[in-house]
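A.B. asks:
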Amino acid sequence: GAVQYDQETPSLTVTMLEDLDCPVDGEISFREAVQYASRYADLATDGKARIAFSPALAAQAVYGNLQIPVTGGDIALGSQLTADTLVVAPPEGLRLVFCGQTNGSARVAAGRLFKLDVGAKLELHDLDVVNFQPVYGSGGALYLTGNNSVVASNVCFRGNGVTRFEAGGAIYAGAGSTLKTYGSAFDGNEGGCCGGAVYFEDSATSTGWALFERTTFYLNSTESALDHEGGTVYAGNGRVVFANTSLIRNI
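Note that my numbering has the sequence shown beginning at 1, numbered continuously upward.
Set out below in structure tokens:
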């Protein structure tokens, strides 16, 4: 007879590290947990949709790092996350490492970690975001469409990039967005035409702004054949504050 598969129960608890999207396999990938957070309001508490990780995954950690390959393209933060904030943090005692696709040591243009719909909100804590590049467009690891809120605490954006005519090697922040980093680092990101690490698109009339506190920018760059606009951060008319922050050999 026919084989019957039961639809899995939506959950914010990740039970597998592989980047799969199969609603009937009985396992929850990180991608699926984010999708559920984007759709179902009842999974959030106190306005926060917190991604959790099954204790069984700790056995797969290497030197304290829990590595999550992202192979299925951009993970979208959808409409429900305009009301709730998606919170991504590792289990106690571990660090999350999100990895884009590579060919040997070379980064492959296969997708960002996150693309945020207008107004979506995100918090990242104690993790690395490594080797992401979109198939096309700006924002190597994160693309903020506009009016977004992103907070990154103890996060390292390393080796992310875009093609030569795009902007924001690690992050592209659309107009009206708020971006705050604390105790974080941008290391070796490549921003194409401008914004080696971050491109902050804003205007004098917008409420958006960026704060980089206790953050290190090291060896971020823009395309040498172009104008070298903002090897660290390109801000346009946006309001940007640097506090106790180091800028080292960015071009």
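The beta-carbon is built from N, C-alpha and C at its ideal position, and this holds for glycine as well.
Determine the DSSP secondary structure at D42, reduced to helix, strand or coil.
C.D. replies: Correct three-state label for D42: helix.
A.B. asks: Am I right that F98 and I68 are in contact with their C-beta atoms under 8 Å? What's the rounded C-beta distance?
C.D. replies: That belief holds up - the Cβ atoms of F98 and I68 are roughly 5 Å apart, short of 8 Å.
A.B. asks: If you run the structure through DSSP and keep just helix, strand and coil, what is P55?
C.D. replies: Note: P55 maps to helix in three-state DSSP.
A.B. asks: With DSSP as the reference, please indicate the residues paired to A235 in a beta bridge.
C.D. replies: None, per the DSSP bridge assignment.
A.B. asks: Between the C-alpha atoms of A110 and A197, what's the straight-line distance to the nearest angstrom?
C.D. replies: Approximately 19 Å between the Cα atoms of the pair.
A.B. asks: Buried or exposed for R95, going by 16 or more other Cβ atoms inside 10 Å?
C.D. replies: Buried, since its Cβ has 16 or more Cβ neighbours within 10 Å.
A.B. asks: In terms of residues, what are the limits of the beta strand (DSSP E) holding P69?
C.D. replies: Looking at the DSSP string, the run of the beta strand (DSSP E) that includes P69 is N65 to P69.
A.B. asks: Just to check, is the beta-carbon of S38 closer than 6 Å to a non-hydrogen atom of the ligand ZN?
C.D. replies: Annotation note on the ligand ZN: not contained in the displayed structure, which lists no ligands.
A.B. asks: Hey, how far is the Cα of G168 from the Cα of P55?
C.D. replies: C-alpha separation (whole angstroms): 35 Å.
A.B. asks: Starting from N154, follow the beta strand (DSSP E) in both directions and report where the run begins and ends.
C.D. replies: Taken as a continuous stretch (DSSP letters only), the beta strand (DSSP E) holding N154 covers S149 to R158.
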